[in-house]
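Undergrad: Got a structure for you, written out below as structure tokens; questions coming shortly.
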Amino acid sequence: MPYASSVVVMSSVPPPLPLARSAQPTYIIGHKNPDADAICSALAYAAFKEASGQTGFKPARCGNSNARIDAILNRFGATLPEFVGDVIPRIEDIMHRDPFKVSVDDTCARALELLDLHDVRALPVVGSDGRLEGYVSIFSLGDYFIPKPKRATSMRKVTSSINAIIRSIGGTEVVSYDATTVDELYVRVAAMELESFGKSATVEGIPNNKSVIVVGDRSDVHLRAIEMGVRIIIVTGGHRMKADVLERAKAAKVSVAYADTDSATTAWAVRASTLVGGLVQRDAFTFKPQEKLSVARRRIVQNPALICNVIDEDGHLLGVFTKTDIINPPRAKLVLVDHNELSQAVDGAAEVEITEVVDHHRLGNAPTHQPILFINRPLGSTCSIVADMFRTADLKPTPQIAGLMMCGIISDTLLLQSPTTTPLDSDLLQWLSRLADADARSLADMIFNAGSVLSTLSPAAAVRADCKLYKEGERRFSVSQVEELGFTNFWKCEDALLEALEKYRMENGLSFSCLLVTDIDTQSSMFLIRGDAEVVQAITYPQKRPPDIFDLPGIVSRKKQLMPYLGSLLGGTNESA
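In structure tokens form, the structure reads like this:
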């Protein structure tokens, strides 16, 4: 626009504010309802990344800790990873914090400067308390500067104060009166004969005390304006008012200012001193930071808004975004450890970028948009995989990280007694023991004596503590596991556990839910199941308490023993159906 460049030079603009979104780390995160291996492998893999010179990775968890995890972390002085409840893309992930904005007390000149300097089409307008008042756009400013008036006075009108006018023109205050009062004023350029100058105000109906006179070095006009009692005289072109005339202005309490620019430019700048508050468009398009992008997309698709404003519950401006931001949002990045199935992953994992998987379970991973690093090895724990990565890379973990990996291996392999245990697990445990200067048997005693899950948690919490969701064919089901020293605590609450299983099944719309209660001492388990009668009837293990508690001697591994068995059952029931 022709006037924009002339206004831009009139007042100073602060250094550009950062519009960039805050960089997100790549979260290394275990499964829901994390066990010791999920937590320890996340911490250990983050340490491996750092040791190998890879930055931007951060360990995380998507579930609560438990007594055993707490005992492990306390033993080695480690901090529980950050909790990430979900990675569902939200408005706060795309919004630009600390946006360019103006206040209701800023001038149009200030708004034009920011619009021109930063090449944006609209700016949020805030009140003195930081609450969003609306917005001002290049189009509304254009309508103000180039109106379709029925009266010529509309072209002259400016709602401002003496102080704001002087700032806008980049002028020098000589003398001013009542300089902060905002008033409806009219700018007039004295470019006519003296006689015509006096008559024009009368013809146009402009009150003298509301007139802003823009004039060069014409003392006759200066004197006539003072006699008329105008609001302010602005002397342009670098000229100065004569001393005796200035004294008369002071006596008449007429404000005077000097401008180095010519009269035409100065007149434009005076109009640009209008305060933004009078031009605010109140129909601002607002969002809350926690709003999901999927919901926001539906709201924004038919809205012509130039800018989208993000506010808190009290209406304070937090940030802004545009349609371009929501079409091409930044995607959070995840490294999945100790799982690869989306049903077990943090909520929203399907909507973000999974860059790596490090796991030792069956394959159930979702397709990815591009090739990723996928490490899946038939070892006893994910900590075993990470430990082997350290050793293969000739990197020595710190005693703390070595101790955490020991605990992950011990917990998942039941101190190398689980059928999932491999010779490499045993070898790695010995290597880590030397680095951590810790005894594996002592750590096992600490872990398994760190509190009975069944005695410290409610039945509902015990069912959810280490629960994983699976899908076989059309059946979705859950398998939980708790490890105890003996079955004493189990027999005190078996009915409540069965009720909790049924409630969990119903809440999640599952075909069936089951719980494996494992006795570490005898290396056997009790199996509880609620749901699909066809599956329950197909179980071939002896019933401990009909119809839904079974005795599973020698069964201690959900991954290597129970899941293959359930898979064969479901295959059989599908065939019979």
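If you're matching positions, the sequence shown starts at 1040 in the working numbering and goes up one per residue.
By construction, the Cβ of each residue, glycine as well, lies at the ideal position given by its N, Cα and C atoms.
These numbers come from a predicted model, not from an experiment.
(1) Buried or exposed, going by whether 16 or more other CB atoms sit within 10 Å of the CB of glycine 1570?
(2) Between the region 1071-1081 and the region 1417-1425, are three or more C-beta pairs nearer than 8 Å?
(3) Would you decide whether methionine 1280 is buried or exposed? Buried here means 16 or more other CB atoms lie within 10 Å of its CB.
(4) Are leucine 1536 and valine 1492 close, meaning C-beta to C-beta below 8 Å?
(5) What are the start and end residues of the alpha helix (DSSP H) that includes alanine 1077?
(6) Here's the rule: buried if 16 or more other CB atoms are within 10 angstroms of the residue's CB, otherwise exposed. What is phenylalanine 1122?
(7) Please state if the CB of leucine 1151 and the CB of alanine 1303 are separated by a distance shorter than 8 Å.
(8) Just to confirm the assignment, what range does the beta strand (DSSP E) spanning glutamine 1582 have?
(9) Would you call the CB atoms of glycine 1173 and alanine 1323 closer than 8 Å?
(10) Going straight from the alpha carbon of isoleucine 1559 to that of valine 1521, what length do you get?
(11) Is the CB-CB distance between alanine 1298 and isoleucine 1201 below 8 Å?
(12) Does the Cβ-Cβ distance between isoleucine 1449 and alanine 1479 come in under 8 Å?
(13) Give the DSSP-derived three-state secondary structure of cysteine 1506 in the structure shown.
(14) Closest by CA to valine 1340, which one among Leu1357, Thr1361, Gln1320 and Gly1354?
(15) If you follow the alpha helix (DSSP H) that serine 1333 is in, where does it begin and where does it stop?
(16) Below 8 Å, how does it come out for the region 1106-1126 and the region 1320-1336: are there three or more Cβ pairs, yes or no?
(17) Going by DSSP in three states, arginine 1515 sits in which element: helix, strand or coil?
(18) Taking 7 Å as the limit between beta carbons, can you name the residues of its chain near leucine 1471, skipping five residues before and five after?
(19) To the nearest angstrom, report how far apart leucine 1605 and proline 1417 are at their CA atoms.
(20) Among the residues of its own chain, which have a CB less than 6 Å from the CB of lysine 1599, if the five just before and after it don't count?
(21) Hey, how far is the Cα of glutamate 1513 from the Cα of leucine 1549?
(22) With a cut-off of 8 Å on the beta carbons, I'd call arginine 1227 and valine 1260 a contact; round off their distance for me.
(23) Just to confirm before moving on: does the CB-CB distance between aspartate 1125 and aspartate 1377 stay below 8 Å?
(24) Which residues share a DSSP beta bridge with glycine 1173?
(25) On a CA-only basis, which of Arg1206, Thr1527 and Phe1413 is nearest valine 1617? Give me that one, please.
(26) Can you give me the Cβ contacts of proline 1436 inside the same chain, cut-off strictly under 8 Å, excluding the 5 residues immediately before and after it?
(27) Give me the residue from Phe1516, Gly1277 and Glu1286 with the minimum Cα distance to tyrosine 1543.
(28) Count the other CB atoms, across all protein chains shown, that sit within 10 Å of the CB of threonine 1036; report buried if there are 16 or more and exposed otherwise.
(29) Kindly identify the DSSP beta-bridge partner or partners of alanine 1099.
(30) Taking the alpha carbon of valine 1315 as the point to measure from, which residue in Ser1215, Thr1219, Ala1344 and Val1164 has its own alpha carbon closest?
(31) Using 8 Å for Cβ pairs, my map puts proline 1368 next to aspartate 1132. What's the rounded Cβ distance?
(32) Answer with buried or exposed for tyrosine 1225, where buried requires no fewer than 16 other C-beta atoms within 10 angstroms of its C-beta.
(33) Around the Cβ of glycine 1102, are there at least 16 other Cβ atoms within 10 angstroms (buried) or fewer (exposed)?
(34) Give the straight-line distance between the Cα atoms of leucine 1332 and proline 1120, rounded to the nearest whole angstrom.
(35) Tell me which same chain residues have a C-beta within less than 8 Å of the C-beta of valine 1048, skipping the five on either side of it?
(36) Please state if the CB of leucine 1591 and the CB of phenylalanine 1551 are separated by a distance shorter than 8 Å.
TA: Here's the rundown:
(1) Buried is the call here.
(2) By the criterion of at least three beta-carbon pairs nearer than 8 Å, the region 1071-1081 is in contact with the region 1417-1425.
(3) Per the 10 Å Cβ criterion, buried.
(4) Not a contact, by the Cβ cut-off of 8 Å.
(5) Under the DSSP assignment, alanine 1077 falls in the alpha helix (DSSP H) whose first and last residues are 1075-1090.
(6) Counting of Cβ neighbours within 10 angstroms places phenylalanine 1122 among the exposed residues, the total staying below 16.
(7) If you check the CB distance, alanine 1303 and leucine 1151 do not come in under 8 Å.
(8) Unbroken beta strand (DSSP E) run through glutamine 1582: 1582-1584.
(9) In this structure, glycine 1173 lies near alanine 1323, with their beta-carbon atoms less than 8 Å apart.
(10) Rounded to the nearest whole angstrom, the CA to CA distance from isoleucine 1559 to valine 1521 is 10 Å.
(11) For alanine 1298 and isoleucine 1201, no; Cβs fall outside 8 Å.
(12) Contact flag set, yes.
(13) In the structure shown, cysteine 1506 sits in a strand (DSSP, three-state: E or B).
(14) Here the closest residue by C-alpha is Thr1361.
(15) Boundaries of the alpha helix (DSSP H) around serine 1333: 1332-1339.
(16) With a cut-off of 8 Å, the region 1320-1336 and the region 1106-1126 do not count as touching, because too few Cβ pairs lie within range.
(17) In the structure shown, arginine 1515 falls within a strand segment according to DSSP collapsed to helix, strand and coil.
(18) The residues are Ala1426, Ala1441, Met1444 and Met1445.
(19) Each residue's Cα considered, the two are about 19 Å apart.
(20) Here the set comprises Pro1458 and Thr1459.
(21) The alpha-carbon separation between glutamate 1513 and leucine 1549 amounts to approximately 10 Å.
(22) Between arginine 1227 and valine 1260, the beta carbon gap of about 10 Å keeps them out of contact (Cβ cut-off 8 Å).
(23) Taking C-beta atoms as the reference points, aspartate 1125 and aspartate 1377 fail to come closer than 8 Å.
(24) Glycine 1173 is bridged to Val1164.
(25) No statement about residue 1617 is possible, as the shown extent of the chain runs from 1040 to 1616 and does not include it.
(26) Cβ neighbours of proline 1436 beyond the five flanking positions: Ala1083, Ala1086, Phe1087, Ala1090, Ala1426, Phe1429, Met1444, Leu1471 and Leu1474.
(27) Looking at the Cα atoms, Phe1516 is the closest of the given residues.
(28) Only positions 1040 to 1616 of the chain appear in the structure, and residue 1036 is not among them; the question remains open.
(29) Checking the DSSP bridge columns, you'll see alanine 1099 partnered with Ile1068 and Glu1121.
(30) Nearest neighbour of valine 1315 by Cα position, chosen from Ser1215, Thr1219, Ala1344 and Val1164, turns out to be Val1164.
(31) Between aspartate 1132 and proline 1368 the Cβ distance is about 6 Å, and since that is below 8 Å, they are a contact.
(32) In this structure tyrosine 1225 is buried. Its beta-carbon is surrounded by 16 or more other beta-carbon atoms within 10 angstroms.
(33) So glycine 1102 counts as buried.
(34) Straight-line Cα distance between these residues: approximately 26 Å.
(35) With a pLDDT of only 32 at valine 1048, under 50, the local geometry of the prediction cannot be trusted, and no value is derived from it.
(36) No; because the gap between Cβ atoms is not below 8 Å, this pair is not in contact.
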